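Under numbering that gives the first Met the number 0, the first residue of the sequence shown is numbered 0, with each subsequent residue one higher.
Backbone N, C-alpha and C fix where the C-beta goes; we use that ideal spot for every residue, glycine too.
A quick note: this is a predicted structure, and the numbers were derived from the prediction, not measured.
Read the structure below first, then the notes.
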Amino acid sequence: MVSASTTTGTYALLNMDLQGRARPVWEQTKMAVGWGIPSPDGRYLAMWQASGSANVWMVENF
């Protein structure tokens, strides 16, 4: 997984295969997104974003 941003202000979480092909699995245009922190077992990824609230969400099967 790779986190990336563009000059147009789109932030994305990309899934990259071993051939270097990237597939976006999550994109955000309205808020700044930071880095991801993997869980110890490697099954989950926690990411932060500047949203002005303190809610926690869990996304599965993406």
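Option in the options with minimal Cα separation from residue i
i	options	result
residue 57	20, 44, 40 and 48	44
residue 6	20, 28 and 19	28
residue 46	54, 20, 34 and 40	34
residue 9	36, 48, 16 and 18	48
Per-residue burial, residue i [other beta carbons within 10 Å of its own, 16 or more giving buried]
i	result
residue 12	buried
Backbone CA spacing between residue i and residue j [nearest angstrom]
i	j	result
residue 42	residue 26	20 Å
residue 14	residue 40	18 Å
residue 19	residue 54	34 Å
residue 59	residue 51	23 Å
residue 21	residue 36	19 Å
residue 24	residue 16	13 Å
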